[in-house]
Structure formats: C-alpha cells, structure tokens
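Novice:
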Amino acid sequence: MSTNWEETSTIGNLRAEQITKPGTVFRHQRYLYRTLGIHISNGGMGQVYALERRLDDDGSVEPVVGKVFLPNYLVQLRTDEITRRDHHANLAAMARVSALEHPNVLPMYLSTAISDNYLFVTPRMGMTLLEAIQRHQLTPRTRTKLLMQALEGLDCLHNAGIVHRDFTLRNILVDAGANVAYLFDFDLAVSIDDVGGTSYRNYYRGRIFGSPGWSVPPETIDQGLLDANISSALDIYAIGAALHGLFTDEMLYGASDDMWALLLRIADGVVVQGRSSVHYPDVVPMVLRPVIEACLERDPALRLPSVQTVIQQLRGILRELPDDAPYHRRSNILAVQPAPAESVAESASDPSITAHVVEGAVEAVWTWGYQIERALGRVRGHPIFLAVPRVDQIANGQFADANQFPKLVTVIDLAKMPDPRGFVEAWQQFYWPVLRKVRQGMLTSLHKVIYDSNTSSLLLFSEYVDEPRFGERIADVDLPIDGALALAFLVAKQVAPLHEHGMAHNNIHLGSLLFKGVPANQQVLPAMIGLVEPAMGAEFMANDVRALAGMLLKWMLPSRIGQLHLRIKPMFEAQRLKLTSWAYDRQVRPPTIADLLAVVSDALALVDFNFSVLRDSGGDLVEYCILIVSFRLYHVLWPAPLGAGGG
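When we follow my numbering, the leftmost residue of the sequence shown carries the number 446, and every step to the right adds one.
#1: Within the same chain, show all residues whose beta-carbon is closer than 7 Å to that of residue 707, passing over the 5 residues directly before and after it, in chain order.
#2: Spatial neighbours of residue 910 within its chain, please: CB distance less than 6 Å, with the 5 preceding and 5 following residues excluded, ordered by chain position.
#3: Which class does residue 846 belong to by DSSP, given the choice of helix, strand or coil?
#4: In three-state DSSP terms, what is residue 833?
#5: Pick from 1023, 996, 1069 and 1049: whose alpha carbon is nearest that of residue 1009?
#6: With distances taken from CA atoms, which of 588, 820 and 679 is nearest residue 599?
#7: Going by the CB atoms, is the gap between residue 637 and residue 626 shorter than 7 Å?
#8: Identify, in the order they occur along the chain, each residue of the same chain with its Cβ nearer than 7 Å to the Cβ of residue 528, setting aside the five sequence neighbours on each side.
#9: If you drop the 5 nearest sequence neighbours on each side, which residues of the same chain put their C-beta closer than 8 Å to that of residue 1023?
#10: Evaluate contact between the region 922–936 and the region 994–1003, counting only Cβ atoms and requiring at least three cross-stretch pairs below 8 Å.
#11: Using a 10 Å radius around the Cβ and a threshold of 16 neighbouring Cβ atoms, would you call residue 652 buried or exposed?
#12: For the beta strand (DSSP E) containing residue 567, list its first residue and its last residue.
#13: Counting beta carbon pairs with one atom in the region 914–924 and one in the region 1069–1089, are three or more of them shorter than 8 Å?
#14: Measuring CB atoms only, is the region 506–521 touching the region 533–544, in the sense that at least three cross pairs come out at less than 8 Å?
#15: Counting Cβ pairs, one atom from each stretch, are 3 or more of them under 8 Å apart for the region 668–683 and the region 719–733?
#16: Give the straight-line distance between the Cα atoms of residue 634 and residue 609, rounded to the nearest whole angstrom.
#17: Taking the alpha-carbon positions, what's the residue 1069 to residue 744 distance?
#18: For residue 524, which three-state DSSP category applies?
#19: Restricting to runs no shorter than 4 residues, where is the alpha helix (DSSP H) found entirely within the region 606–688?
#20: Helix or strand or just coil, what does DSSP make of residue 518?
#21: Could you check if residue 1085 is buried or exposed, using at least 16 other CB atoms within 10 Å of its CB as the buried criterion?
#22: Output the boundary residues of the beta strand (DSSP E) element that contains residue 1007.
#23: With 16 as the cutoff for other CB atoms within 10 Å, does residue 1097 come out buried or exposed?
#24: Roughly how many angstroms separate the alpha carbons of residue 950 and residue 739, rounded to a whole number?
#25: For residue 784, count neighbouring C-beta atoms within 10 Å of its own C-beta (all shown protein chains included) and say buried if the count is 16 or more, exposed if not.
#26: Determine contact between the region 544–555 and the region 484–491, defined as no fewer than three beta-carbon pairs at a distance below 8 Å.
#27: Which two residues bound the contiguous alpha helix (DSSP H) that contains residue 882?
#28: Taking C-alpha atoms, which residue in 587, 854, 897 and 991 lies nearest to residue 834?
#29: Can you check whether the CB of residue 901 is closer than 7 Å to the CB of residue 859?
#30: Residue range of the alpha helix (DSSP H) that residue 464 falls in?
#31: Give the single residue among 596, 639 and 938 whose Cα lies nearest to the Cα of residue 629.
#32: Taking Cβ positions, are residue 852 and residue 915 nearer each other than 7 Å?
#33: I'd like to know whether the C-beta atoms of residue 655 and residue 611 end up nearer to each other than 7 Å.
#34: Taking residue 980 as the reference, which of 944, 684, 705 and 555 has the closest Cα?
#35: Going by beta-carbon coordinates alone, are residue 825 and residue 956 separated by less than 7 Å?
#36: Under 7 Å Cβ to Cβ from residue 711, same chain only, skipping five residues before and after it: list those, please.
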C-alpha cells in the first residue's frame, strides 16, 4: 500500500467519487486523510469507506471510516421539502454531537460539505454490538453492560438536548475485544431546540424515521398519539426494543415482511398501561422484563422518564444476570497425550469456550506438565484456563515444591492471528525480555511464555490469585478522592516500567484491573493484568495513558470533588481538566506516563498532606498509596459476613 501523504485535493474540491477510490489525500485542520478505496457497508442514507488519517507532523496513522450520502438521497434533498428540512436539522445536531466528549459516544472527526456531497469521518471500530453477540457469544451480564455503556452515551446526548431517533443494536459499535461500546450513526439525530414544541403530526407528516420494530415508537404512527410533542421518550422506547433484542432474534412485533401490517401492530403497542403482550423466549432473563416493559409503554408519558433512570434500574439488577455458561464435558482425550477427562471442569464464564477449544488447550498444556482444571473466560478474545501441575509429574519429582501451585494459562491460537510468525517473534524478541525485567513489580505475575508448535499455540503462564476482585466491582463505588488518586498512582507506576522500554500494555480497562486481597493485614494490591497482546511504540503508549486518565476521571465523582476545600479546588480543577483533555481530546499532544504520574502526584499532594510530605522527603510513595487503597477498598471488595466482627 502506498505511503505517500502528499496532498492531492483540498476538502472543498473533494468529490464523493474520490472517497471510493484509493490514493486521494486531503487536509482538514491539523490532520491529513488518505482514501483506501475499500468499501465497508451501505446504509439507508449513505455508503461507508475505509480511510486513514494522521497528524501532519506525526507519523502515526489511525484507521477511520468516511461516509458520503447515496445519490438517491441527494436527489431527495433537492426535490423534497421534508427531507431537506430534516437534513438541515440533522446537520445542526451533528455539529453539537461533534462537540461532545464522552467515552461512549463515537467521536465525529469530520462533518462537512464537499463539492458534490457531504463527508462524515469517525474512528474505525471492530463490530456492532449485534455482531459482537453473534461472534463472541457474550454472557447476559456482558451484553447488558455493553448496552449500558451505550446508554451512558445516549444520556450524554439527551443532556445536550439531542435525540438519536435510531437507537438500535446495529448503531452501537464495540471494540475488537467487545469491552467498550460506543453510540454512533447520528444520521437521524435532531436537537430538541429545533423541534421542541412541535408535534409528531406536524413534523413527521406521515413519514417514518428510524427502524420499524426497533426505534419507531407508536406516537409516530398512531393517530391518537401523533399530537404529542417530539421528546426523548422515543429513544426510551427504542431502549426497550434493544434490551429485548440483546437475547433473541424474534421481532417484538413479529415478521416485518408486510411493512404496513407491521406499522399497524406498532401503533397498537405491546405494553399498554402496564398490560404486556411482549413475547419472551426463555433466554430473556426474568429480571430484565419489567425494565423492558417500562420502556415499551405505548403512551410516551408512561415510560421511564430518562435514560439515567434506565441505567440505574439495570445497574440494580446487573449482578442477578448470569455471567457464565456451561460448556460440554470433554468426551475423549487425544490418544497421543492421555490425560484424565475429569480434569476438565464443567463450566466456563464464556459459552464460546466450547469443547473443541478446551481440547486444544488440554493438548497444549499437557505437553508442558500441566492439566486443565477449568475455563475462566477470555482476555482480548483468547481463552484463559486454570491449570495445575500433572499429578504424575509431581510424584516423579518433575516439579519443585515452589512450582506446585495452580497457574492461569492464556492460550493464544496463532492460526487466528493476522501475522502468527511476527506475533511469536515479537513475544520472543521484545515483550518477554521486557516483562522479565519488570515482572517483580505488581504489574504482572507472568511466569513463562511457551510456543507449542504441536498445537500452534502461544501459552502465557501467570500466577493464580485466590478470591480476586476486578475493577468493575468499583465502578459504582463512592470512592473518596484520595483513594481514586492513590489507585491511579499505583497502576500508573506499574505501567511505567513497560513504557520505559518502549512497550505498551495495550489492554487497559476496568476488566483488566485485578485486586489481590491479603486478609492477614487487610491489604489490597492492585494489578493491571490482561497483558496478552502488548505493542511497541509511542502511539500505543499514549493510548495506555489515555485509558488510565479516563479510568481515573470515572473514579473521581463530582460529589466528592465538591467536598474539597475551597482553597485547593481551583488547583485541583486545573489538574482534572488536564486529565480530561488527555483522555478524550485526540488533538492535544499525546501524553506520556511521566506526564500522568506528575499530574496524579500533584493532585494527591493537594488532598493528602502526608503524601505531600513523603514526596518532598523522598519517602516510599507506593507503600503509602497501598495503605490508602487498602483503607478505602478492602472492606468494600471483601465485606465481612453478616454477624462477623468484634464482640
């Protein structure tokens, strides 16, 4: 592929046809964009193509997508008054969306007219939530968590006075590991400022906007409801349909072959004043059904009042949703490497870890003296298992006493990697040598990396932790500011040695944050695990820092910031704003881990006098931060049983 970034067109002279072909380079502000000529998809209004972009003074390249309108839509714009009016309202809403900074709203890099069309550019993501459910077989809890992330983005839109009008599973993107969800596709979004006080009858004029069966509510169709004013309640209705669709392919209103009949069924509604006719397959969790029905009320005035209300209700039942699924007991063992079938456990936390996947893992680790005990889930799509030393090898003295403990083993199927040889070489030549130097810290307990040529697998063996807790457990914790900053300081200190060797963790998120508890002294030791696909280079290290800054911002609750002393608030706010720009503004200078540590250290010194004194005197800041985190989190993560405690 060409590496030429010399400009060949200005954005004002750019034509839609050039987006469809490779080799066109144009500038928008500080960025250069290059077309690749790769068609990705078509929608109802536009067609999407792959592009690349980079800062004009930086060599790092980011994959993006560009959308232009279809020719028939452009004809409608010229000839149809309603289409033209809605288009102008949508462009105004798009401009407001572009100004939003939220971790679950897909950034709009570019939204502008070109010579014969309009061009919209956004980051390129892995897949839609609907595709992720089909590919990854996500657990009910994980599906709901991802939808909740998209709801946080939708709530941000509503707070900005914008309604989406097409909230569906197809309009939620997730990253390649299905860890983070982003709301996108704002083609139908409008600002309440532009349509507020206008009824559906007067604004829609018999047109259908949205996806019937998903995001088209009864008030846009039924004659008795058409005089209601346009409001965010239409998005609440779509949330109910999306929650239902998380678990089943069945349409809420039945088949959509006959559009007129479908619209009549939508107008009648499936929930009328609490009376529900929603059909639920058995796979739809019972605890979700009241929330679904509260969103699907036919009368918009009777629906849940806000997106935040939906989020709170889902958060309250999240732990009741299943987060594991059975896989089949392994029926036979490969004759070349006999192993006891009963060593394979009965359940896994991910239904995609099938018997076939388990068999491959059993064969791979058996050669190296281990047997699989149970599957635990996936890390960046790779299955992870609890493995124990083989009994026969312990009896023969093959394992020293110190090595007779269980291990976690991540099994990377190299056949599924885009460049297997390069991946193995990177581990052998770069990643593992770096990790051997820094593994004595809290960052990683990776013990060994083995390439198993028989199964074409890379095996990552690491320490097993009893009763671990993960970062998602503190997502809703009212954490004091000193605890949030101390935790961020510890995690950044663990990532820093990697960055000193030019290596990025490349998988930083709440799900990768593990807490190890030490009951003897009620100590909490955090570790950023999940290090399976690290990367080398400044761009990836900057992404690590952005992810860490974003996590810290979520931990620093506004209510806690509001309790700070008036004297330090302005200085603290300056540090918080710097973190915000690093986390969400891709146009600022890429931060380094040293930048982040300096800001976190300065902020912690503002709120904790002892930390300030220790820092000035050269004391052990890591040990002190462990004390803070342990004090703030131990009893939250490992609460005492009812009735336990002092007498």
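All residues carry an ideal CB built from backbone N, CA and C; glycine is no exception.
Remember, it's a predicted structure, so these values are computed and weren't measured experimentally.
Specialist: The short version:
#1: If you number the sequence shown from 1, residue 707 lands on position 262. The answer, listed in chain order, is 657, 658, 698 and 701.
#2: On the sequence shown, residue 910 is found 465 positions in, with the first residue counted as 1. The residues are 961.
#3: Along the sequence shown, read from residue 1 onward, the residue named residue 846 stands at position 401. Reliability fails at residue 846, whose pLDDT of 41 lies under 50, so the model's placement of it is uncertain and the value that follows must be treated cautiously. The answer is helix: DSSP assigns residue 846 an H, G or I state.
#4: As a working note, residue 833 is residue 388 in the sequence shown. If DSSP states are grouped into helix, strand and coil, residue 833 belongs with the strands.
#5: Counting from 1 along the sequence shown, the entry for residue 1009 is found at position 564. Residue 1049 is the option with its Cα nearest to residue 1009.
#6: In the sequence shown, the residue the question calls residue 599 occupies position 154. Closest option to residue 599, Cα to Cα, is 679.
#7: Translated into the one-based positions of the sequence shown, residue 626 becomes position 181. Translated into the one-based positions of the sequence shown, residue 637 becomes position 192. Result no, Cβ atoms of residue 626 and residue 637 do not sit closer than 7 Å.
#8: As a first step, residue 528 must be located in the sequence shown, where it is residue number 83. Correct list, in chain order: 521 and 522.
#9: The residue labelled residue 1023 in the question sits at position 578 within the sequence shown. Cβ neighbours of residue 1023 beyond the five flanking positions: 1044.
#10: yes
#11: Counted from its first residue, the sequence shown places residue 652 at position 207. Exposed, since its Cβ has fewer than 16 Cβ neighbours within 10 Å.
#12: Position 122 of the sequence shown, counting from 1, holds the residue named residue 567. Here the beta strand (DSSP E) through residue 567 covers 563–568.
#13: yes
#14: no
#15: no
#16: By one-based count along the sequence shown, residue 634 stands at place 189. By one-based count along the sequence shown, residue 609 stands at place 164. Going by the C-alpha atoms only, they are around 4 Å apart.
#17: Locating residue 1069 in the sequence shown gives position 624, where the first residue counts as 1. Locating residue 744 in the sequence shown gives position 299, where the first residue counts as 1. Those two C-alpha atoms are separated by around 56 Å.
#18: Residue numbering aside, residue 524 sits at position 79 when the sequence shown is read from its first letter. Looking at residue 524 - three-state DSSP - the assignment turns out to be helix.
#19: 637–640 and 645–649
#20: Taking the first residue of the sequence shown as position 1, residue 518 is located at position 73. If DSSP states are grouped into helix, strand and coil, residue 518 belongs with the helices.
#21: Numbered from its first residue, the sequence shown carries residue 1085 at position 640. Classification of residue 1085: exposed, given that the 10 Å Cβ count is below 16.
#22: As a working note, residue 1007 is residue 562 in the sequence shown. Note, residue 1007: premise wrong, no beta strand (DSSP E); not H, not E.
#23: As displayed, the chain neither begins before 446 nor continues past 1092, which places residue 1097 out of reach and without an answer.
#24: Position 505 of the sequence shown, counted from the start, is the residue given in the question as residue 950. Position 294 of the sequence shown, counted from the start, is the residue given in the question as residue 739. Their Cα atoms are separated by approximately 42 Å.
#25: Taking the sequence shown and counting its residues from 1, the one referred to as residue 784 is at position 339. Summary for residue 784: the model assigns pLDDT 32, below 50, so the residue's position carries little reliability; its value from the coordinates is reported in the next sentence. By the neighbour-count rule (16 or more Cβ atoms within 10 Å), residue 784 is buried.
#26: no
#27: One-based indexing of the sequence shown puts residue 882 at position 437. Counting along the chain, the alpha helix (DSSP H) containing residue 882 begins and ends at 877–883.
#28: Residue 834 sits at position 389 when you count from the first residue of the sequence shown. Out of 587, 854, 897 and 991, 854 has the C-alpha closest to the C-alpha of residue 834.
#29: For the purposes of this step, residue 859 is identified with residue 414 of the sequence shown, where counting begins at 1. For the purposes of this step, residue 901 is identified with residue 456 of the sequence shown, where counting begins at 1. Result yes, Cβ atoms of residue 859 and residue 901 sit closer than 7 Å.
#30: For the purposes of this step, residue 464 is identified with residue 19 of the sequence shown, where counting begins at 1. Run containing residue 464: 461–464, per the alpha helix (DSSP H) assignment.
#31: For the purposes of this step, residue 629 is identified with residue 184 of the sequence shown, where counting begins at 1. Residue 629 has its Cα closest to that of 596, out of 596, 639 and 938.
#32: One-based indexing of the sequence shown puts residue 852 at position 407. One-based indexing of the sequence shown puts residue 915 at position 470. Cβ distance not < 7 Å, so residue 852 and residue 915 don't count as in contact.
#33: Numbered from its first residue, the sequence shown carries residue 655 at position 210. Numbered from its first residue, the sequence shown carries residue 611 at position 166. Result yes, Cβ atoms of residue 655 and residue 611 sit closer than 7 Å.
#34: Your numbering for residue 980 matches position 535 in the sequence shown. Looking at the Cα atoms, 944 is the closest of the given residues.
#35: If you number the sequence shown from 1, residue 825 lands on position 380. If you number the sequence shown from 1, residue 956 lands on position 511. Not in contact: residue 825 and residue 956 (Cβ atoms no closer than 7 Å).
#36: Walking along the sequence shown from the start, residue 711 turns up at place 266. Taken in chain order, the residues that qualify are 657, 661, 663, 666 and 698.
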